[in-house]
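Asks: The structure's right below; bear with me while I get my questions together.
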Amino acid sequence: MSNGILFRLLTSAIAWDRTAMQLHRLSRAKKLSTNILMHEDGPFTSEAHMHVSRETTLNAKAFPHLRAVCYVFSGTVVFALVFASSKLTGGAVGLGPIMFLRYLGSILALVAYVYLRGQWPIALQSRRWRLHLLRTLCSVGGVGAVIYASARMPVLDATAISMLHVIGSVALARIILGEPLTARVLAGASLSTAGGAIVMISGGAFSSEGSDVLIPALAALASAFLFAFDGFLLKISTRTDSPLVTLAHMNVFAFGLTLIPCLLSWSDVSVGSFSLLVALGPLALVGQYLVVKGYMIAPLSVVAPIDHSLLAASCLVGLVLFGEIPGLGAVLGSATIAAGALLVAAAKAKNPRRSPTGESPGNGGTGSS
Numbered sequence: 004m005s006n007g008i009l010f011r012l013l014t015s016a017i018a019w020d021r022t023a024m025q026l027h028r029l030s031r032a033k034k035l036s037t038n039i040l041m042h043e044d045g046p047f048t049s050e051a052h053m054h055v056s057r058e059t060t061l062n063a064k065a066f067p068h069l070r071a072v073c074y075v076f077s078g079t080v081v082f083a084l085v086f087a088s089s090k091l092t093g094g095a096v097g098l099g100p101i102m103f104l105r106y107l108g109s110i111l112a113l114v115a116y117v118y119l120r121g122q123w124p125i126a127l128q129s130r131r132w133r134l135h136l137l138r139t140l141c142s143v144g145g146v147g148a149v150i151y152a153s154a155r156m157p158v159l160d161a162t163a164i165s166m167l168h169v170i171g172s173v174a175l176a177r178i179i180l181g182e183p184l185t186a187r188v189l190a191g192a193s194l195s196t197a198g199g200a201i202v203m204i205s206g207g208a209f210s211s212e213g214s215d216v217l218i219p220a221l222a223a224l225a226s227a228f229l230f231a232f233d234g235f236l237l238k239i240s241t242r243t244d245s246p247l248v249t250l251a252h253m254n255v256f257a258f259g260l261t262l263i264p265c266l267l268s269w270s271d272v273s274v275g276s277f278s279l280l281v282a283l284g285p286l287a288l289v290g291q292y293l294v295v296k297g298y299m300i301a302p303l304s305v306v307a308p309i310d311h312s313l314l315a316a317s318c319l320v321g322l323v324l325f326g327e328i329p330g331l332g333a334v335l336g337s338a339t340i341a342a343g344a345l346l347v348a349a350a351k352a353k354n355p356r357r358s359p360t361g362e363s364p365g366n367g368g369t370g371s372s
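Right under this line is the structure:
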């Protein structure tokens with residue numbers, strides 16, 4: 004896949020988001036709009052218009068967080084492929100160059116997008132750059148740990164262990180952000196966590212197959228800890244910064260952080276591997292954008308459990324690209340995760356307690372791209 008195709012994919016995703024935002028606002032209107040038409044017998048309401056409006060409103064009421072769930076789910080599908088980048092190169096490229104080249108591709112795509120929009124880089128500056136830097140440290144560390152683990156154990160196993168960050172994210176949302184946990188959110192999060200546990204156990208991540216599995220498993224566990232704080236900091240940043248500003252800071256900081264590890268571990272990289280890793284940058288950028296939008300419009304306790312869908316996507320990546328056939332436990336766990344995600348999407352929104360400044364912790368930011 005070329006950078007041009009991936010760049011157009013990012014542009015299409017942003018355009019689709021704007022359209023979806025307009026439709027979402029219409030569906031959440033307090034009163035149904037009516038199409039008043041003048042006829043011989045006087046004004047009347049268009050039945051087709053009323054049918055569409057009622058159907059859209061009912062869907063929004065039944066699944067108030069469906070849009071956010073779809074954003075995060077789509078982003079996790081993209082990252083399932085990105086996290087397997089070490090295996091995609093056949094293990095011939097070190098972790099440092101892998102991450103550096105990926106962020107290089109993201110930076111190139113961002114520069115091209117900003118240039119085509121006629122914006123100046125100064126427009127992407129944020130007063131909360133320290134927050135973005137701290138989040139970047141957590142994100143880069145987590146991604147590096149899970150890529151390291153995925154190269155030394157089955158992709159599904161490494162991903163499953165890293166998904167334990169959902170428990171930490173939900174806890175941070177409740178304790179620090181004060182987000183209310185409804186019965187459906189708790190049930191959905193518990194069901195998704197149970198599905199992740201099923202996948203882990205069936206994958207034999209902690210089986211006694213040799214000590215060579217222990218270090219990768221611990222690396223994946225460390226990524227779970229880092230990802231929990233990554234999601235927490237992302238939720239905070241979306242209150243004031245737009246997705247484009249968030250992506251710009253994240254990728255610029257990550258580009259700088261991975262430069263030295265790349266130079267220290269650089270080895271001969273084939274043209275094919277170099278092109279593949281750079282092409283993963285714009286693809287990862289699309290995934291980041293989708294995840295940021297999901298975190299912006301829904302509480303952290305709602306969107307965090309959806310990250311478990313990465314397990315199902317990892318099953319597909321492992322099967323299609325590496326011939327890792329998922330067992331019955333992996334299939335059952337993935338189905339359980341999907342059921343939990345559906346429960347979370349159907350959870351009714353409640354007003355979270357407000358902070359001393361009057362800001363609602365559970366709500367997303369107002370920025371948009």
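Here the sequence shown is numbered in the numbering used here, starting from 4 and rising by one per residue.
We treat Cβ as the ideally placed atom computed from N, Cα and C, and that holds for glycine.
1) For D233, which of helix, strand or coil comes out of DSSP?
2) Would you report the Cα separation of A257 and R133, rounded to the nearest angstrom?
3) Sort I300, G336, A307, P302 by Cα distance to S317 and report the nearest one.
4) Rounded to whole angstroms, how far is the Cβ of G234 from the Cβ of L303, which I believe are closer than 8 Å?
5) Can you find a C-beta in chain C that's less than 8 Å from the C-beta of V96?
6) Just the C-alpha distance for L322 and P329, rounded to the nearest angstrom, thanks.
7) Is the CB-CB distance between A71 and S153 below 8 Å?
8) For the stretch 97 to 104 against the stretch 259 to 273, are there 3 or more C-beta pairs whose distance is under 8 Å?
9) To the nearest angstrom, how far is it from the Cα of M166 to the Cα of S245?
10) Would you report the Cα separation of R120 and L313, rounded to the nearest angstrom?
11) Output the residue ranges of the alpha helix (DSSP H) runs that lie fully inside the stretch 166 to 208 and measure 4 residues or longer, sorted by chain position.
12) Do P285 and G78 count as a contact pair if the criterion is CB distance below 8 Å?
13) Does the contact criterion of 3 or more C-beta pairs under 8 Å hold for the stretch 223 to 234 versus the stretch 160 to 177?
14) Does the beta-carbon distance from H252 to S129 come in below 8 Å?
15) Is it buried or exposed for G191, if we count other Cβ within 10 angstroms and need 16 for buried?
16) Which residue's Cα is closest to the Cα of E103: G93, S89, G171, A115?
17) Measure the CB-CB distance between A112 and L288 and report whether it falls below 8 Å.
18) Where do the N-terminal and C-terminal ends of the alpha helix (DSSP H) with I300 fall, by residue?
19) Using the three-state DSSP reduction, which class does G370 fall into: helix, strand or coil?
20) Whole angstroms is fine: what's the gap from L345's alpha carbon to S195's?
21) At the level of alpha carbons, what is the spacing between F228 and A200?
22) Taking the C-alpha atoms as reference points, what is the distance between L247 and L127?
23) Going by beta carbon distance, what residues of the same chain come within less than 6 Å of V295, once the five residues before and after it are set aside?
24) What does the Cβ neighbour count give for A315, buried or exposed, with the cut at 16 atoms within 10 Å?
25) Going by C-alpha to C-alpha distance, which of A338, H168, V202 sits closest to S142?
26) Under 8 Å between the Cβ atoms of L68 and S240?
27) Is V85 near G290, with beta carbons less than 8 Å apart?
28) Given a cut-off of 8 Å on the beta-carbon distance, is the pair S205 and G93 in contact?
29) Out of F82, V216, S172, point me to the one whose CA is closest to D160's CA.
30) Does T79 come out as helix, strand or coil in the three-state DSSP assignment?
31) Quick one: grab the DSSP three-state call for A71.
32) If you count every other CB in all the chains shown that lies within 10 Å of the CB of I340, and 16 or more means buried, which is it?
Replies: In short, the structure shows the following:
1) Counting from one through the sequence shown, the residue named residue 233 turns up at place 230. Helix at D233.
2) Locating residue 257 in the sequence shown gives position 254, counting from the first residue. Locating residue 133 in the sequence shown gives position 130, counting from the first residue. Roughly 13 Å between the two C-alpha positions.
3) The sequence position of residue 317 within the sequence shown is 314, counting from 1. Taking only the C-alpha atoms, the option nearest S317 is G336.
4) Locating residue 234 in the sequence shown gives position 231, counting from the first residue. Locating residue 303 in the sequence shown gives position 300, counting from the first residue. Taking C-beta atoms under 8 Å as the contact rule, G234 and L303 qualify, at a distance of about 6 Å.
5) As a matter of chain content, chain C is missing from the structure shown, which is built from one protein chain.
6) Numbered from its first residue, the sequence shown carries residue 322 at position 319. Numbered from its first residue, the sequence shown carries residue 329 at position 326. Approximately 7 Å, taken between the alpha carbons.
7) On the sequence shown, residue 71 is found 68 positions in, with the first residue counted as 1. On the sequence shown, residue 153 is found 150 positions in, with the first residue counted as 1. Not a contact, by the Cβ cut-off of 8 Å.
8) Segments in contact, yes.
9) In the sequence shown, residue 166 corresponds to position 163, counting from 1. In the sequence shown, residue 245 corresponds to position 242, counting from 1. Taken atom to atom, the span from the alpha-carbon of M166 to that of S245 is near 26 Å.
10) If you number the sequence shown from 1, residue 120 lands on position 117. If you number the sequence shown from 1, residue 313 lands on position 310. For R120 and L313, the distance between alpha carbons rounds to 32 Å.
11) Here the runs fully enclosed are 168 to 178, 186 to 206.
12) Counted from its first residue, the sequence shown places residue 78 at position 75. Counted from its first residue, the sequence shown places residue 285 at position 282. The Cβ atoms of G78 and P285 do not sit closer than 8 Å to each other.
13) Touching, yes, given that three or more Cβ pairs across the two stretches are closer than 8 Å.
14) Along the sequence shown, read from residue 1 onward, the residue named residue 252 stands at position 249. Along the sequence shown, read from residue 1 onward, the residue named residue 129 stands at position 126. With respect to S129, H252 sits close: the two C-beta atoms are nearer than 8 Å.
15) Here residue 191 is taken as the residue at index 188 of the sequence shown, counted from 1. Per the 10 Å Cβ criterion, buried.
16) For the purposes of this step, residue 103 is taken as residue 100 along the sequence shown, with counting starting at 1. Per the sequence shown, residue 103 should be read as Phe rather than Glu. Put simply, of G93, S89, G171, A115 the residue whose alpha carbon is nearest the alpha carbon of F103 is S89.
17) What you label residue 112 is simply residue 109 of the sequence shown in a count that begins at 1. What you label residue 288 is simply residue 285 of the sequence shown in a count that begins at 1. The answer is yes: Cβ separation under 8 Å.
18) Numbered from 1 along the sequence shown, position 297 holds the residue referred to as residue 300. From DSSP, the alpha helix (DSSP H) with I300 extends over 274 to 300.
19) Position 367 of the sequence shown, counted from the first residue, corresponds to residue 370. Bear in mind that the predicted position of G370 carries a pLDDT of just 36, short of 50, making it too unreliable to give a figure here.
20) Within the sequence shown, residue 345 is the residue found at index 342, counting from 1. Within the sequence shown, residue 195 is the residue found at index 192, counting from 1. Approximately 10 Å, taken between the alpha carbons.
21) If you number the sequence shown from 1, residue 228 lands on position 225. If you number the sequence shown from 1, residue 200 lands on position 197. So the alpha carbons of these two residues sit roughly 16 Å apart.
22) Your numbering for residue 247 matches position 244 in the sequence shown. Your numbering for residue 127 matches position 124 in the sequence shown. Whole-angstrom Cα-Cα distance: 7 Å.
23) For the purposes of this step, residue 295 is taken as residue 292 along the sequence shown, with counting starting at 1. Taking V295 as the centre and dropping the five residues before and after it, the same chain places the C-beta of P246, T249 closer than 6 Å to its C-beta, in chain order.
24) For the purposes of this step, residue 315 is identified with residue 312 of the sequence shown, where counting begins at 1. So A315 counts as buried.
25) Position 139 of the sequence shown, counted from the first residue, corresponds to residue 142. Closest option to S142, judged by alpha-carbon separation, among A338, H168, V202: H168.
26) Stepping through the sequence shown from its first residue, residue 68 is reached at position 65. Stepping through the sequence shown from its first residue, residue 240 is reached at position 237. Reading the sequence as shown, one finds His at residue 68 and not Leu. For H68 and S240, no; Cβs fall outside 8 Å.
27) Locating residue 85 in the sequence shown gives position 82, counting from the first residue. Locating residue 290 in the sequence shown gives position 287, counting from the first residue. Yes, these two residues count as a Cβ contact at 8 Å.
28) By 1-based counting over the sequence shown, the position of residue 205 is 202. By 1-based counting over the sequence shown, the position of residue 93 is 90. No.
29) Within the sequence shown, the letter at position 157 stands for residue 160. Answer by Cα proximity: V216.
30) Translated into the one-based positions of the sequence shown, residue 79 becomes position 76. The three-state secondary structure of T79, taken from DSSP, is helix.
31) Along the sequence shown, one-based indexing puts residue 71 at 68. In the structure shown, A71 falls within a helical segment according to DSSP collapsed to helix, strand and coil.
32) For the purposes of this step, residue 340 is taken as residue 337 along the sequence shown, with counting starting at 1. Per the 10 Å Cβ criterion, buried.
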